[in-house]
Each structure stands twice: as structure tokens, then as C-alpha cells.
Amino acid sequence: MDLPEELLAKIDEVITHYPESKRSATLPLLHLLQRQFGFITTESVEWIAQKLELEPINVLELVTFYPGFRQSAPGKYHIRVCRTLSCAMAGSEELMESLCREAGIDRSGVTHHDPIAVGKDGKFSIEFAECLASCGTGPVCLVNDDFHEAVAPQDASKLLNKYK
Amino acid sequence: MAESIQYKRGKVPHKREHRMIFRNIDRVGWDPSLATYESDGGYAMARKALAMDPAQVTEEVKASGLRGRGGAGFPTGVKWTFIPPANTKPVYLICNCDESEPGTFKDRYIVHQDPHQLLEGMIISSYAVGAHIAYIYIREEFPEGAVILEQAIAEAKEKGYLGKGIFDSSFDLEIYVHRGAGAYICGEETGLIESLEGKRPYPRIKPPYFPAALGLYMCPTIVNNVESLCHVKHILEMGGEQYAKLGTPRNTGTRILCVSGDVRKPGYFEVEVGTVTLGELIHDLCGGLHDGRTLKAVIPGGSSAKVLRADERFNIRQGDEQVEIGIEDIPMDFDTLMACGSMAGSGGVIVMDDSRSMSWVINNINHFYAHESCGQCTPCREGSLWMQKITDRIVAGTASPDDVDTLKSVADNIEGKTICAFGEAASWPVQSFIDKFRDELVADTDPKNAGKFVAPEGMLAAVGLK
Ligand SMILES: Cc1cc2nc3c(=O)[nH]c(=O)nc-3n(C[C@H](O)[C@H](O)[C@H](O)COP(=O)(O)O)c2cc1C
Ligand code: SF4
Ligand code: FES
Numbered sequence: 152m153d154l155p156e157e158l159l160a161k162i163d164e165v166i167t168h169y170p171e172s173k174r175s176a177t178l179p180l181l182h183l184l185q186r187q188f189g190f191i192t193t194e195s196v197e198w199i200a201q202k203l204e205l206e207p208i209n210v211l212e213l214v215t216f217y218p219g220f221r222q223s224a225p226g227k228y229h230i231r232v233c234r235t236l237s238c239a240m241a242g243s244e245e246l247m248e249s250l251c252r253e254a255g256i257d258r259s260g261v262t263h264h265d266p267i268a269v270g271k272d273g274k275f276s277i278e279f280a281e282c283l284a285s286c287g288t289g290p291v292c293l294v295n296d297d298f299h300e301a302v303a304p305q306d307a308s309k310l311l312n313k314y315k
Numbered sequence: 143m144a145e146s147i148q149y150k151r152g153k154v155p156h157k158r159e160h161r162m163i164f165r166n167i168d169r170v171g172w173d174p175s176l177a178t179y180e181s182d183g184g185y186a187m188a189r190k191a192l193a194m195d196p197a198q199v200t201e202e203v204k205a206s207g208l209r210g211r212g213g214a215g216f217p218t219g220v221k222w223t224f225i226p227p228a229n230t231k232p233v234y235l236i237c238n239c240d241e242s243e244p245g246t247f248k249d250r251y252i253v254h255q256d257p258h259q260l261l262e263g264m265i266i267s268s269y270a271v272g273a274h275i276a277y278i279y280i281r282e283e284f285p286e287g288a289v290i291l292e293q294a295i296a297e298a299k300e301k302g303y304l305g306k307g308i309f310d311s312s313f314d315l316e317i318y319v320h321r322g323a324g325a326y327i328c329g330e331e332t333g334l335i336e337s338l339e340g341k342r343p344y345p346r347i348k349p350p351y352f353p354a355a356l357g358l359y360m361c362p363t364i365v366n367n368v369e370s371l372c373h374v375k376h377i378l379e380m381g382g383e384q385y386a387k388l389g390t391p392r393n394t395g396t397r398i399l400c401v402s403g404d405v406r407k408p409g410y411f412e413v414e415v416g417t418v419t420l421g422e423l424i425h426d427l428c429g430g431l432h433d434g435r436t437l438k439a440v441i442p443g444g445s446s447a448k449v450l451r452a453d454e455r456f457n458i459r460q461g462d463e464q465v466e467i468g469i470e471d472i473p474m475d476f477d478t479l480m481a482c483g484s485m486a487g488s489g490g491v492i493v494m495d496d497s498r499s500m501s502w503v504i505n506n507i508n509h510f511y512a513h514e515s516c517g518q519c520t521p522c523r524e525g526s527l528w529m530q531k532i533t534d535r536i537v538a539g540t541a542s543p544d545d546v547d548t549l550k551s552v553a554d555n556i557e558g559k560t561i562c563a564f565g566e567a568a569s570w571p572v573q574s575f576i577d578k579f580r581d582e583l584v585a586d587t588d589p590k591n592a593g594k595f596v597a598p599e600g601m602l603a604a605v606g607l608k
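Spelled out as C-alpha cells, the structure:
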């Protein structure tokens, strides 16, 4: 697997944060590789395992456990809409519906194990997230690393337009 | 100094607030840089601590009466003394910044706007417990927060406030940021520790795995919430005894209450513990309910806390007297909320007015717990999903009347039968909603009533029933 020098240096630096056990670096390495490739590939799992002297299953079991890791490509912009109570009371389900409508995303195939729906043009993907710890300003969502508060369902297209 | 602080428009603290931890939140001219923090007296308390004996620092924290702000309300100073005295292994400090209990939104602001306050609290606490490596476990959904913290750490390191011989003392300390990956169970301290070890975050059973004795890498580990660690700085500044005069006896200091749901002005309010009642919080600090609405229910301490019904009466002790109070009279402190059958938990207050369907609310909550169970214990893994499926049926109008009893029995068979307190967190909401709103839930099992929910369309779509 070809990784840029800069990323390799970053990986080596991160491992030093865990002098007691390299295994602790699994999560940070997964984050770095997901950022690099958009999702976690089998190659990435094997690469991390080798780097940290683990079995690939030790890495894969984290990928399949944590909602934060994906095994297939998301859209260029990945949206996470908070589903939990306070946001739902503020209209997050309606927000999800209007975002899907505006972005042309069909969520009908979504399941517990496959929670992400990607639009046809691959620009946006979307999923529900659980409480994003901003319950007083719901409905809230993340678009990649950007946090958006009080996004009214009728403002869905305004939000998407920021990512043209 | 205090008089000169100005806050951004629309973000001015309410007059009932006592801003200490949130002093710099929404402050005009404030930014997360070290220079700004130091221009306001920052890091003076870290210096002060390093000149003290570590045990003396712990004594101050004990004297302050500070109780953990992460959920359980356990006395912080007492927890620190649980590190075995004969210990020869390294000691770790972990800051719990997973902030994932639904309804809670306070640590977010500290991390994004005042990261050095947290670092200073962690430096003092690490020194007190003898930790030379400390981790901040931050939820992955705070990507910007993680960057801000990393920058703050780099700045502090450059100044010699972290690293070898900090503040020209002989004490070494490194603080590292560790990002989670979207799992609520990583907020539970032993799940967090497993996660930090690079494993699935399956919580450990207590006893024997109390982190203070057998924590990270089986070494003594102190896990504290972001807000708790910030308080440590102010305890040192005021002295434990003086700090203990804030708030009410046994419920000392200030705490940040986070209010969401059906109030005009939801938000965060730092108040002296127990000096504001639930009624004052709703009607005064939060500007009351929406026009024409009446109060129906309140979840007072994060979604795991038992719900309170608007017309409930409670018999509690106030001083030497036994008194009867209503829900709006409840002072927001640890002991009273517990006496009322719920808990102060994480400080997340969710207000519901008469427009809300309780079946819909508990179904939303059940979805959360079904999604977040780590799956290690059968009662929790299976039970949380069964509970979700039953309330899915109630919301869809396809339940049978005895489903409510089945729901109750599932919840009763989770509580107390699991490895970690998630089991209680998942069953308490169900038990309390049935206890307090049984008639409504049973009525909703009648298909004739299926249409009367507030937002059934969206909800049904969200759960895949439409
Ligand atoms: C299911 C579950 C989730 C929790 N989530 C959090 C959390 O997000 N943040 C937190 O500080 N504590 C959380 N806790 C409490 C922690 O286990 C632990 O008690 C706390 O971090 C200790 O810090 P404190 O003493 O300063 O409150 C959670 C507990 C449970 C059982
Ligand atoms: S109670 Fe639930 S969350 Fe806790 S260890 Fe058991 S299965 Fe996991
Ligand atoms: S419920 Fe959406 S941020 Fe908490």
C-alpha cells in the first residue's frame, strides 16, 4: 500500500502516544487511513495489523463495531443527522427527509448493518447519528467535519448549496 | 475583573447563573489560544499546585465536596484516594470527553472555546494522582474539538507546561488526545478503557475492575469527566472549604444544566447546585413553555434518568422536615433528584409539553439504547432490541394491549443483570414511562389511536415502518 511520506510520519508519531501498548494506536490509525481513502479497505486493515503487530481480526473487529468506520465509499460529502430525542422533537426526521429529497438520495435500502445511503452522483451520502451533544440547538448535523446547528427542514437545500 | 467580562449578543448569562467553568464561554474577545488564557490569569493554579504536596491537592478536592459531573455524582477527591497506596505501577489520568448521554451538551463548549482550562485542570489532577501520561478520550463527532485540543497541547508543550519538568518543576506530564469512533458505550469508563487499549469497548465487570485499581493496562487509572476536571482548577483557586460554600451541603459547587426540548430558550446554564428549582429553570432561565402549552414530562439528568410526570408529588426531607413537593419545586441537586426517584445524572434536562406523545418519546429513546448496546450481555443486547421492537409496534398502532406488560417485563429483566450500568440506563426510561404514562401507552396500542402521534410520519420512516 502506497502512503504519502507525511502520513507515514504522522502514523509513526501517533504510535509514540502509547508507550505501553502499540495496540492502542489501532483506532487512531483507522481514523488516519479512513481519512486518506474515505473508508476502510481490507488492505488498510492488513496494513494496520502488520504495523502494530496484531492479527487482522483485531483491527477488523473494531471496524465492524464502531459506527464511525465505513467499509464502502461514502459521498464526497458525508452527512450525519442527529436522530436522538431532542433533535427528533425539533424536526430531525423531517430534516433527514428533506435532505434526501434535495440531494436525490434513496434511503429505502438502509439497514442496521448498512446505515449509509449514497446519492447516485456520489456527491452526498447520509446517515442518522445518535446524539451529537448539541441538543439545545437541534436539529443538528455534521457534513464531513463541519457542524451545523438549528437546520430547519426547509433549509436543506441552503445547506447542501454550501457544498457545491 | 469579573465586571469587565462581556458576552456575545444573545448569549449573556442569566442573572441566576454563577459562571465559573463557563466564565469564558461566549465571551467577547475570547479565543482558545494560550495567550488569551494566560492574559486572564491562566495556569496560575497549575503553578500553585506544583508547589504543593500532591496529597494536599487531593485533600482540597475532598474538602470541596466536588461530585463527578459525568453521571454518577461520585465524590472526585474520594475516588482519587482509591489508588492503592502500595502501588508501584504507572498511574494514568483519563479525561472523559465522550459526551454522549442524550440531552447533555456542556463539555463540547469547554473543549471548543476554553481548552486550556481543561488542560490546567488535568495538569493539577495528574499531579495530585501521580500520573505522567494523561489521555483525553474525545468522541469522534467532535472533529474540530480534537484539533483545538491538539493545538492547545502543542502550545502548552512549547511553553514547557507539558512535557518533561513542567513549569520548571521535576514533574513530567504528557497529555494525548484519543478520538473515539461513534459508540456511546465508550462513555462508560471501563468501556472507554478497553477502547483506549485498542479493543472493542466491552465494559469490564466491577468488582474487580474498578479503574482506580485495575484500569488502563491494568494500572491504576482515574477517569473523570471534562467538567469535573475543570472544577479542580477553581477548587484550588478558592480553597476546598470556600468552594464547598457554593451550592448546598453535600451538593457543592456549580454545575452546568443543559436544557433542551419544549422550552422557549433552550441552552446551558451554570448555576450553584441546588439553588434553582426545576420550575425556575423552565419558566425563568429558559423563558417558559411555548404559548398555550402545558408541561407534561421532564427527563432531568440525561436520557438514562427516569422521567418525571408534571403532576407528580414527592415526599422528601428538607433539612429536618419531611415535605411534599411538586416537580417544579425540585431543587436541581443530586440528592433531591434521587429522592424523587430519578437522578441528576449528566445535567441534561429534556422538557416535554402536552403536544408530545409519550409512546413516540420512549420509542425514540429505545432506538438509542438498542443501537448503542455493546452486545456483551444477553439481557441488554436482546432486551434493548425487544423493547425497541415493542414500542415500534405501539407507535405503528400494531401492538396488542399486553405488549405494555411485556415491555415492562423485558425492562425488569435487564436492570441489575448486566455487566455495566448501561443495562439500567436502558431499562429505567422504559420502566418509568410505563410507571407514569401506562394509560397513554396502553391506549396507543389500540389501532384506532394510531393516528394521533405528534410526528408519526417521520418517526415511522426513521424506523423503517413506512
Ligand atoms: C452507559 C454509560 C455512558 C456514560 N457516558 C459518559 C459520558 O459520555 N461522559 C462522562 O463523562 N461519563 C459518562 N459515563 C460515566 C462514566 O462511566 C464515569 O462514571 C465518569 O466519566 C466519571 O467521571 P466523574 O466522576 O468526573 O463524573 C457513562 C456511564 C455509563 C454507564
Ligand atoms: S450492559 Fe449492555 S452495554 Fe453494558 S456490557 Fe452489558 S451488553 Fe454491553
Ligand atoms: S439529541 Fe441531537 S444533539 Fe443531542
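Chains Y and A are the protein sequences, given in the same order. Here my numbering is used: the first residue of the first sequence is 152, the next is one more, and so on. Here my numbering is used: the first residue of the second sequence is 143, the next is one more, and so on. All C-beta atoms in this analysis are idealised placements derived from N, C-alpha and C, irrespective of residue type, glycine included. Small disclaimer: the values here were computed from a predicted structure and weren't measured.
Subject >> Heavy atom of ligand 1 within 7 Å of Asp240/A beta-carbon >> reply: yes
**OP:** Please list, in chain order, all residues of the same chain as Ala200/Y whose beta carbon is under 7 Å from its beta carbon, the five residues on each side excluded.
**Re:** Glu206, Pro207, Asn209, Val210
Subject >> Pairwise C-alpha distance: Glu253/Y and Ala307/Y >> reply: 7 Å
Original post:
In whole angstroms, what separates the C-alpha of Ile415/A from that of Thr548/A?
Top reply: Reading the sequence as shown, one finds Val at residue 415/A and not Ile. So the alpha carbons of these two residues sit roughly 39 Å apart.
Original post:
Are the CB atoms of Ile256/Y and Ala268/Y nearer to each other than 8 Å?
Top reply: yes
Subject >> Three-pair Cβ contact test at 8 Å for the segment 290 to 303 of chain A versus the segment 315 to 332 of chain A >> reply: yes
**OP:** Show which residues of chain Y have a CB atom less than 8 Å away from the CB atom of Cys400/A.
**Re:** Cys286, Gly287
Subject >> Cβ-heavy atom distance, Val294/Y to ligand 3, below 7 Å >> reply: no
Subject >> Short CB-CB distance (under 8 Å) between His320/A and chain Y >> reply: yes
Subject >> Residues sharing a beta bridge with Gly389/A, DSSP >> reply: Thr394/A
Original post:
Taking the DSSP output, what are the residues bridged to Gln460/A?
Top reply: Glu463/A
Subject >> Minimum C-alpha distance to Gly381/A - residue among Pro196/A, Leu583/A, Ser206/A >> reply: Ser206/A
**OP:** Using a Cβ cut-off of 8 Å (strictly closer), state whether Leu431/A contacts chain Y.
**Re:** no
Subject >> Ala355/A vs Ile266/A beta-carbon contact at 8 Å >> reply: no
Subject >> Contact set between the segment 300 to 334 of chain A and chain Y, restricted to residues whose Cβ is under 9 Å from the partner >> reply: Glu316, Tyr318, Val319, His320, Arg321, Gly322, Ala323, Gly324, Ala325, Tyr326, Cys328
Original post:
Contact between the segment 418 to 438 of chain A and the segment 532 to 546 of chain A: three or more CB pairs below 8 Å?
Top reply: no
**OP:** Could you pull the start and end residues of the beta strand (DSSP E) that Ala276/A belongs to?
**Re:** 273 to 280
Original post:
Does the Cβ of Ala597/A have 16 or more other Cβ atoms within 10 Å, making it buried, or fewer, making it exposed?
Top reply: Because Ala597/A carries a pLDDT of 41, less than 50, the predicted location of this residue cannot be relied on, and no value is offered for it.
**OP:** Name, please, each residue of chain A whose Cβ falls closer than 7 Å to the Cβ of His182/Y.
**Re:** Arg321
**OP:** Identify which residue in Ser446/A, Asn367/A, Leu437/A, Val253/A has its Cα closest to the Cα of Ala452/A.
**Re:** Leu437/A
Subject >> Interfacial residues, the segment 229 to 244 of chain Y to chain C, with Cβ spacing under 7 Å >> reply: Considering every chain present, this structure includes no chain C. Its protein chains are Y and A.
**OP:** Could you give the DSSP three-state label for Thr419/A: helix, strand or coil?
**Re:** strand
**OP:** Would you list the residues sitting across from Phe575/A in a DSSP beta bridge?
**Re:** For Phe575/A, which the question treats as bridged, DSSP gives no partner whatsoever.
**OP:** Report the rounded CA-to-CA distance for Lys315/Y versus Gly287/Y, giving the unit in angstroms.
**Re:** 29 Å
**OP:** Closer than 8 Å by beta-carbon distance: list the chain A residues that pair up with Pro179/Y, in chain order.
**Re:** His320, Arg321
Original post:
Would you call the segment 304 to 316 of chain A and the segment 524 to 536 of chain A in contact, with 3 or more CB pairs under 8 Å?
Top reply: no
Original post:
Phe476/A and Asn393/A: beta carbons closer than 8 Å?
Top reply: yes
Original post:
Heavy atom of ligand 3 less than 7 Å from the Cβ of Gly289/Y, yes or no?
Top reply: yes
Original post:
With Leu192/A and Ser311/A assumed to form a contact (beta carbons below 8 Å), what rounded beta-carbon distance in angstroms separates them?
Top reply: 5 Å
Original post:
Going by beta carbon distance, what residues of the same chain come within less than 6 Å of Asn166/A, once the five residues before and after it are set aside?
Top reply: Trp172, Asp256
Subject >> DSSP bridge partner residues for Met494/A (one or two, in chain order) >> reply: Ala439/A
Original post:
Cβ of Ala254/Y versus every heavy atom of ligand 5: is any distance shorter than 7 Å?
Top reply: Ligand 5 is not part of this structure, which contains only ligand 1, ligand 2 and ligand 3.
Subject >> Any non-hydrogen atom of ligand 3 within 7 Å of Ala186/A CB >> reply: no
Original post:
Could you give the distance in angstroms between the alpha-carbon of Lys301/A and the alpha-carbon of Asp296/Y?
Top reply: 29 Å
Original post:
Thinking just about the alpha-carbon of each residue, which of Ser146/A, Gln148/A, Gly152/A is nearest to the one in Tyr410/A?
Top reply: Gly152/A
Original post:
Under a CB-based cut-off of 8 Å, is Cys282/Y close to chain A?
Top reply: yes
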